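**Student:**
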Amino acid sequence: MSDHQIASGTKAGTVGGTLLSVVMNIDAGDILRTVILATVGAIVSFSISVLLKWLVRSSRRKRDSVK
Numbered sequence: 001m002s003d004h005q006i007a008s009g010t011k012a013g014t015v016g017g018t019l020l021s022v023v024m025n026i027d028a029g030d031i032l033r034t035v036i037l038a039t040v041g042a043i044v045s046f047s048i049s050v051l052l053k054w055l056v057r058s059s060r061r062k063r064d065s066v067k
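Under full-length UniProt numbering, the first residue of the sequence shown is numbered 1, with each subsequent residue one higher.
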C-alpha cells in the first residue's frame, strides 16, 4: 500500500469547487418547491399528531367511563 497524503489546500479546493458547482446548478424554482413541500409536510405531520393525540385521549375516556 502506498502512503499518499493530500495537502489541506487541495482538500479545501476540492470541497470548495464541489460545493460551488452544486450551488450554481440549483434553480430558484427548486428551492421554492423544496420550501413549499417542507412546509406542507410539517403542517400535515403536526395535524396528524394532534389528531392521533385527540383520538387516543377520547378512546381512553370512553374506556375509563365504561369500567
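Each residue gets a CB set at the ideal place from its N, CA and C atoms; glycine is no exception. None of these values were measured; they are calculated from a predicted model.
Taking only the alpha-carbon atoms, compute the straight-line gap between Ser-45 and Ile-26 and give it to the nearest angstrom.
**Tutor:** Near 27 Å, if we compare the C-alpha coordinates of Ile-26 and Ser-45.
**Student:** Provide the residue span of the alpha helix (DSSP H) that contains Ile-26, from first to last.
**Tutor:** That residue, Ile-26, is in no alpha helix (DSSP H); it is neither H nor E in DSSP.
**Student:** How many Å lie between Thr-10 and Val-22 at the Cα?
**Tutor:** The straight-line gap from Cα to Cα measures roughly 18 Å.
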